[in-house]
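Peer 1: Protein chains in written order, with the working numbering: chain A, 1 to 320; chain B, 1 to 320; chain C, 1 to 320; chain D, 1 to 320; chain E, 1 to 320; chain F, 1 to 320.
Sharing a structure with you now.
Protein chains: 6
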Amino acid sequence: MAHKFINEIEPGLTIDDVYMVKEPILRSTTRGDLYIAMFLADRTGQLNGRMWQASEEVYRSLPKPGFIHIRGRSELYQDNLQIVVNNVTIVDTANVCLDDFLARTKGNIDQMFEGLKKNLALIKNPQLKALVARFLADNELMEKFRNAPGGTSLHHNYLGGLLEHTCNMMKVAVAILPLYPDLQPDLVLAAIFLHDMGKTAELSYDMAFSYTDAGQLMGHITQGLLMVNQKADALAAKGTPIDKAVLEALGHIILSHHGKFEFGSPKLPATPEAFMVYYIDDLDAKLNQVTAAIENETGDSNWTGWQRALTTRLYRKRIQ
Amino acid sequence: MAHKFINEIEPGLTIDDVYMVKEPILRSTTRGDLYIAMFLADRTGQLNGRMWQASEEVYRSLPKPGFIHIRGRSELYQDNLQIVVNNVTIVDTANVCLDDFLARTKGNIDQMFEGLKKNLALIKNPQLKALVARFLADNELMEKFRNAPGGTSLHHNYLGGLLEHTCNMMKVAVAILPLYPDLQPDLVLAAIFLHDMGKTAELSYDMAFSYTDAGQLMGHITQGLLMVNQKADALAAKGTPIDKAVLEALGHIILSHHGKFEFGSPKLPATPEAFMVYYIDDLDAKLNQVTAAIENETGDSNWTGWQRALTTRLYRKRIQ
Amino acid sequence: MAHKFINEIEPGLTIDDVYMVKEPILRSTTRGDLYIAMFLADRTGQLNGRMWQASEEVYRSLPKPGFIHIRGRSELYQDNLQIVVNNVTIVDTANVCLDDFLARTKGNIDQMFEGLKKNLALIKNPQLKALVARFLADNELMEKFRNAPGGTSLHHNYLGGLLEHTCNMMKVAVAILPLYPDLQPDLVLAAIFLHDMGKTAELSYDMAFSYTDAGQLMGHITQGLLMVNQKADALAAKGTPIDKAVLEALGHIILSHHGKFEFGSPKLPATPEAFMVYYIDDLDAKLNQVTAAIENETGDSNWTGWQRALTTRLYRKRIQ
Amino acid sequence: MAHKFINEIEPGLTIDDVYMVKEPILRSTTRGDLYIAMFLADRTGQLNGRMWQASEEVYRSLPKPGFIHIRGRSELYQDNLQIVVNNVTIVDTANVCLDDFLARTKGNIDQMFEGLKKNLALIKNPQLKALVARFLADNELMEKFRNAPGGTSLHHNYLGGLLEHTCNMMKVAVAILPLYPDLQPDLVLAAIFLHDMGKTAELSYDMAFSYTDAGQLMGHITQGLLMVNQKADALAAKGTPIDKAVLEALGHIILSHHGKFEFGSPKLPATPEAFMVYYIDDLDAKLNQVTAAIENETGDSNWTGWQRALTTRLYRKRIQ
Amino acid sequence: MAHKFINEIEPGLTIDDVYMVKEPILRSTTRGDLYIAMFLADRTGQLNGRMWQASEEVYRSLPKPGFIHIRGRSELYQDNLQIVVNNVTIVDTANVCLDDFLARTKGNIDQMFEGLKKNLALIKNPQLKALVARFLADNELMEKFRNAPGGTSLHHNYLGGLLEHTCNMMKVAVAILPLYPDLQPDLVLAAIFLHDMGKTAELSYDMAFSYTDAGQLMGHITQGLLMVNQKADALAAKGTPIDKAVLEALGHIILSHHGKFEFGSPKLPATPEAFMVYYIDDLDAKLNQVTAAIENETGDSNWTGWQRALTTRLYRKRIQ
Amino acid sequence: MAHKFINEIEPGLTIDDVYMVKEPILRSTTRGDLYIAMFLADRTGQLNGRMWQASEEVYRSLPKPGFIHIRGRSELYQDNLQIVVNNVTIVDTANVCLDDFLARTKGNIDQMFEGLKKNLALIKNPQLKALVARFLADNELMEKFRNAPGGTSLHHNYLGGLLEHTCNMMKVAVAILPLYPDLQPDLVLAAIFLHDMGKTAELSYDMAFSYTDAGQLMGHITQGLLMVNQKADALAAKGTPIDKAVLEALGHIILSHHGKFEFGSPKLPATPEAFMVYYIDDLDAKLNQVTAAIENETGDSNWTGWQRALTTRLYRKRIQ
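As structure tokens, this is what we get:
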């Protein structure tokens, strides 16, 4: 049975479905009866939930956060929709259709990944080729890479977003590299593949999009650089070391791809290839962010609401 | 006879050639004799010049700056090369091979302009088509546009640089627009053509690259916007007005294409098309600047000198 | 009958008056009945309104925003005052006393405009005189100029505020120009008159203070500059062209009058006259903003609330 | 006999006049003979001086810096004018016409000071009146105040410049205060008189314009505030204390009159009077700086050189 | 009887205790009955209070803010706890146990103050010794100093916090001064004692932590500097003047101890001692702020909430 | 024979010693004779050198840069001292007393290193203990660590400076950690040891202080983090893995120890230990820089020259 999405619920419906429960709190009414206040959420939004006649036992059993199957009813309370929960069952994450809870790219992940590999096959430099192959051969990492979001909020913030973003950047690079013949294409392509690889370790995206402890303490730029060096160490251990100069030139692009210190790059771009990767990354991220903000805006105004990260509102009207 | 370039002159040569004279000053020696100190320049550099036994009459006749034919001799004075000038004739600018004095694009101007027009032919919106046609039909302006530099110092700072930059941006846009299907290609293409059109009025490039008074007082962004509105007024007077909404969307891209207030844009990008033009402009300008700085660096170091505008030195070593 | 202002309504009153309706929403109660939630506003504030037993037809007929005549009653609901609306009639804007809905200058518009013209008559330069006369002769524009607010929020944010601000700046200039004899008074006076003329196009102020599409895309600085150039083109078409140098010097002041890039000026002041106009504009705007914030503060504290734009609270206590 | 100014000296003249000697150094020639290199300066500039056949005794006797009477001859050495000094006599500062060495206001100091006092007489508040009178009665301080420069480099950087600047600000205030009736004129006038009083202690201007140790360690803003409090303490000791609230309101204007933290104000303007003093100070300083830069520019260009403090060049051409 | 703290109140309790009343408002219900809405607070938080059947007389008698003894009952209203007040008595501040209302240092004030004096006894310079003694002898000031908070919100924001912070800085200085033998220890110790002395005048902390008028207008840096100069004037009047150079060096440290203009220092550190005091101040303040934020965080997350002043969240997990 | 230092050379001496040659250039005189211009340097400064009657062969043989033994004579040329070189022999770096050419810490390296190890022995956490031991056991790295400078220019810019700085920071930490009992001392001590370990790879200091390619491309923060992870990988390979949480907490301190993005930290401090290391690092670096600038200032002024990195001049006068 299809999931009843939060943004489809109207007042007066019988609810019998799985939702993510967030921030449950045990409270007592004026009469002294215990009840549980909580948020019930899926990828389309969240509502207040109230479970009257609750017990401390039920409260303790709730995941914080996690998935529960509830039976109850939607109602309007002071003009706000809420769900009165009569019955609760804990649901194992493994049994949940995560797509109901986490937004997912509209693209086809297999196709995008194949396209990416095809473009990576253009790399001729044997050392970069070996390094990229080593990453592609790491199935566990690639599985993460195929599913990770591009971020938690600003752009490509949905499952598969990292792959979509990487893939699109690669297409842009392949399209414009012939216009800049002084650049070393192999470096650009390998760096685009790896520039955000650290996001697989920085972000947590099993139930919601958030940061891991390591992600907050180190950041995906540093984490990605560590991955590249660990793969290179492994290759060296196998007798096929990567030249220090290659590792440094590649590492420099990863470190500098945010383009500015205040965005967490410890080094500013200092090679033509680093400049190109920085610009393509920014272009693709911003166009995703801008077109998504325009598309997601509700209402009829010619303008979206204020976009804090862009310090402007966006104009939605088209010229024809 | 080929021009003897400044950077080819060695000590002890007889000089009989045309140079640009800059900042001539009349001075007297300890003995009370008058002499003229001046700089002699072409596009490869400049040297000190000294004309002994000068008169106030000769001094007054000198253009400041301008071209002169000199006869004299190069010599080392305190380890510095200088030119002792024996005889001077004023040369009309019309008789000078300007290419000896102003750097020029390595590209073919006619071919680039044809390529640009071919890409502009992709525009389907009838109003943008009419507006672009109006510009292309302005022969005087197009002649300036084909020869203007892209700037005085940072990037594309040579004759034809503006065309080369515009042309390259157009190629990038045509290559990547299919990857961003939500954008309005006609707006992007027309805006790229016109984004720096104001530089034809902002810059002076008949003898050296500098700013006009109007350029310093108003700036090419405002000047370009005025041009677009004047062409639109002219079309309206002919009975084919451009919609206000089209003019505003196009004008917005021109105004915001520097992307940040501190770079002289009075408005920040607020449409997807404005973001794309801003990024393509910055990408093409920076890659030109970076590769030129690497190419022009003399010496054997792996690094260029400090690039003030980029707040870094640039790495010149390639990976293979 | 005098309008009952929002800030005069107490609980338990019968309401029979015209208000602006904003953001009406059609909702259904738990029982499935439709009702309309809306804001009811005038220039003194806004209240929640509720129309129970509403129909989709009534909802559709409501302007969004616009004026309605309502019959109903004020009541306290959860400590908040709201208006229960029993009956609604749409009111044409033409029949509304706009002064009830938009704040208006305390000054006399006719007198201020006459004062302004008297000061403009001090201009002796024939070209600036002709240009100013051309603006004064544009009745439609002058009608807008006399009524436009000085801004939407920070200073002179009331009908006639633009005129009041311009008029006051002119008085300051006339008073202090004799102290700075090196400056060209005609340029200062003409520039003050025109510096914010673009606000007549940037702002919308028929029902509330907001920005037009063109205003958000281009900004009043650019719009004002376009107006000046269009008037100059019209004069030229009539055989009395304005010197390029005059237009540029005047245009420069308009472009630079915000004084800093981050406030939307594409050029920084580069003439003494531009510096004077920038300072007088800032002085008059800030003093209006500061004295209004002090005057409008309610409560007995010696200090106003935090003024975000000034990054301080303001001290209200006087020394005697 | 009139002083021969540095900027009037041509090669080949006999020199017999007083100059300021700066940074004398004792050196030995290749042959082992001692000579003294020094700068010789007055208010129009400085030249290299060389005294051959010098002794350590002469060197030690030289003030560093100070005034000397020299006899010698001007000559061109490697295109640079220098003075060969044959004979040196130390000159006491008391016997020097300081006007030859320090630039001085073109205004009449007595007249300006009388004008200032006349405007200060407008103050009605008895406490501010008493405080101002206390300052005016301090003859030693007033003598410094009448002669101090307004600064070392940026604006009013000449003897009497502080008085001229204060006097001009007072005139501006008197002219525009009627336009802002909500402000307390007495506070504005007293604050303008005292806002830069600390410069009499911050700056040293007996031979050249520089900072005192206390000036560099504390700054004129803090020093001026201390003066105000010391005068108030003295008045209190005499039985006529100034109200704390008056002292704080006045002190706040002095502290905040630079308007921004980065210009050394420890507090931002928080009263209307503080805003007015800040703007009048900035306006008068910048107009002095801008018109002086334009006036002092040599050469024929329409533009001055780059003004680092204004981040622009200045346009010198007038419209008619 | 022990005070019932706000954060210990559960629904359904009888309340008979003293609380601080804040922002009382007189309102009327729909039926026209008057009631008073107010906040009831102590140092653990605040709750809504409602007094039904109130009169204008009762309302007028309430301190705004101040202390009241209430009798009433706690209840849940729309899931929020509130207190229904039946009876109110005004309580004089003198009869209130302030510790229930203002947080207080966990340290022992007497012990800390003794420790501080012991460290101050290390000062050998007779003039600094005399100046410090003069401060220590000012009992009224020392009483304030012993009780003042270190600030209103960021760090050491509790009674005795200023002493605790000063005391801790002194310990750090005594511990590390031997490692920096070039510094003048007496200056460092005296400056630490006095660096925030102005906070006794800047802050008000009799009922809640806030700023005095003088504090907002002048700031504790300037106020502290004035105190130092007034003590020095008093010493001079007694025949033991402090050298100007000592006062300036000490004053410079006080003025510059915030280290940056944007934090309200009118001068940047320019002596080694000023640098040391700045760093020790910042280190001790930030470590207090960081460890307090970690300690006060509720919930189980490894991370605290966003710390706006630190622009990061803080990591709470320890390594073992 | 003791080296004759550059700053001890007077005119007219016979020179027979080893100097570093920098930037040699082959030129020809007016007569066509070849000569070599070069700089001759040691750690006290540099002079111009001229070798007349040079040949292309000699020129080619010169290291660029490197060490040469010269015979010649010092002379004054246009008031500047220069060395006329008659004879040149190339000297192998191994045969050079590097201390003559690179400044060296005044501290005893062995003693400092022993002191450091003693403080490291305070670490109790077994994992941090193991990690630190692994570093101490890497003799090649420790040799570099003992000799590396702390930087190229700002602070501790001499051989052994890195050790001195690390050692001093450790002493500060050991002295003040007892005052902050909430912090984890082991983390602080280990992090101080390792915080700048990457400088051994970032800097080159065999002949002069400069950056390696890897240093410029990656930076010592990233390089140090890589070292820590490689040592941890090696320990894991030996069966004693370091907990991920320990590595991350330690890594975070290394990454954030510059405290601000603009100084190259990709993460801001987010643990109390990270804040302490950041402050101790900054304190020790700035005090070294400030006291060195004061000590190295020549002349009698109370003030040093302008310190660009500190945006102030420094006051040198002591209070007694």
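By construction, the Cβ of each residue, glycine as well, lies at the ideal position given by its N, Cα and C atoms.
The structure displayed is predicted, hence computed values, not measured ones.
Expressed to the nearest angstrom, what Euclidean distance is found between the alpha-carbon atoms of Val96(D) and Pro63(D)?
Peer 2: 14 Å
Peer 1: Would you say Arg316(F) reaches chain D, if we count a Cβ-Cβ gap shorter than 8 Å as a contact?
Peer 2: Chain D contact via Cβ: absent.
Peer 1: Keeping to the same chain, check which residues put their C-beta closer than 7 Å to that of Lys356(A); ignore five residues upstream and five downstream.
Peer 2: Because residue 356(A) is not part of the residues shown, which for chain A are 1 to 320, the question remains open.
Peer 1: Using a Cβ-Cβ cut-off of less than 9 Å, give me the residues of the region 184–197 of chain D that come near chain C, in sequence order.
Peer 2: Gln184, Asp186, Leu187
Peer 1: Could you give the first and the last residue of the continuous beta strand (DSSP E) run that contains His257(F)?
Peer 2: Neither: His257(F) is in no beta strand (DSSP E) and is coded neither H nor E.
Peer 1: Exposed or buried, which one is Ile15(F) when buried takes at least 16 other CB atoms within 10 Å?
Peer 2: buried
Peer 1: Can you tell me whether DSSP reads Thr200(B) as helix, strand or coil?
Peer 2: It is helical.
Peer 1: Count the C-beta pairs between the region 279–290 of chain B and the region 231–247 of chain C that are closer than 8 Å, then say yes if the count reaches three, no if not.
Peer 2: no
Peer 1: Report yes if the C-beta distance between Glu221(F) and Leu255(F) is below 8 Å; otherwise report no.
Peer 2: This sequence places Ile at residue 221(F); Glu is not what is there. In contact: Ile221(F) and Leu255(F) (Cβ atoms closer than 8 Å).
Peer 1: What's the gap between the Cα of Trp303(B) and the Cα of Gln320(B)?
Peer 2: Distance between Trp303(B) and Gln320(B), taken at the CA atoms: about 16 Å.
Peer 1: Compare the C-beta of Asn147(E) with all C-beta atoms of chain A and state if any pair is closer than 8 Å.
Peer 2: Interface criterion not met: the Cβ of Asn147(E) is under 8 Å from no Cβ in chain A.
Peer 1: Can you tell me where the alpha helix (DSSP H) with Lys317(F) in it begins and where it stops?
Peer 2: First-last for Lys317(F): undefined, no H or E at that position.
Peer 1: What are the boundary residues of the beta strand (DSSP E) that includes Arg71(B)?
Peer 2: 66–77
Peer 1: For the region 34–52 of chain B against the region 79–87 of chain B, are there 3 or more C-beta pairs whose distance is under 8 Å?
Peer 2: yes
Peer 1: Hey, is the region 162–169 of chain B in contact with the region 106–121 of chain B, meaning 3+ C-beta pairs nearer than 8 Å?
Peer 2: Yes, the region 162–169 of chain B is in contact with the region 106–121 of chain B.
Peer 1: Taking only runs that begin and end inside the region 81–124 of chain E, name each unbroken alpha helix (DSSP H) of 4 or more residues, in chain order.
Peer 2: For the alpha helix (DSSP H) assignment, the uninterrupted runs of no fewer than 4 residues enclosed by the region 81–124 of chain E are, from N- to C-terminal side, 109–120.
Peer 1: Taking the alpha carbon of Pro241(B) as the point to measure from, which residue in Ile253(B), Val228(B), His252(B) has its own alpha carbon closest?
Peer 2: If we check each option's Cα against that of Pro241(B), Val228(B) comes out closest.
Peer 1: Is the beta carbon of Met142(D) within less than 7 Å of some heavy atom of the ligand HEM?
Peer 2: Ligands in the displayed structure: none, and consequently the ligand HEM is not present.
Peer 1: What residue range is occupied by the uninterrupted beta strand (DSSP E) comprising Ile25(C)?
Peer 2: Looking at the DSSP string, the run of the beta strand (DSSP E) that includes Ile25(C) is 14–28.
Peer 1: Just confirm the distance between the C-beta atoms of Asn139(B) and Asp186(B), as a whole number of angstroms; I'd bet it's less than 8 Å.
Peer 2: Actually they are not in contact, since the Cβ atoms of Asn139(B) and Asp186(B) sit about 24 Å apart, beyond 8 Å.
Peer 1: Alpha carbons only, please: which of Arg71(E), Arg43(E), Leu98(E) is nearest the one belonging to Trp52(E)?
Peer 2: Arg71(E)
Peer 1: Could you say which of Gln223(D), Met20(D), Ala173(D), Asp300(D) lies nearest to Val91(D) if we only look at CA atoms?
Peer 2: Met20(D)
Peer 1: My assumption, with CB atoms under 8 Å, is that Pro24(C) sits in contact with Ile36(C). Please give the rounded CB distance.
Peer 2: 6 Å
Peer 1: Is the Cβ of Gly264(D) closer than 8 Å to any Cβ of chain E?
Peer 2: yes
Peer 1: Taking the CB atoms as reference points, tell me whether Leu183(A) and Met38(A) lie closer together than 8 Å.
Peer 2: no
Peer 1: Taking Phe275(F) as the query, report the chain E residues whose CB atoms sit under 7 Å from its CB, ordered along the chain.
Peer 2: Correct list: Lys286, Leu287, Val290.
Peer 1: As a quick exercise: from Leu226(C), Leu13(C), Gln289(C), pick the residue whose alpha carbon is nearest that of Leu354(C).
Peer 2: This structure does not reach residue 354(C), given that chain C is present from 1 up to 320, and the question cannot be answered.
Peer 1: Assign Gln230(C) to one of three DSSP states: helix, strand, or coil.
Peer 2: helix
Peer 1: List in chain order: all unbroken alpha helix (DSSP H) runs of 4+ residues lying wholly within the region 139–202 of chain B.
Peer 2: 139–147, 161–176, 185–194, 199–202
Peer 1: Could you tell me which residues DSSP pairs with Gly45(C) in its beta bridges?
Peer 2: Asp42(C)
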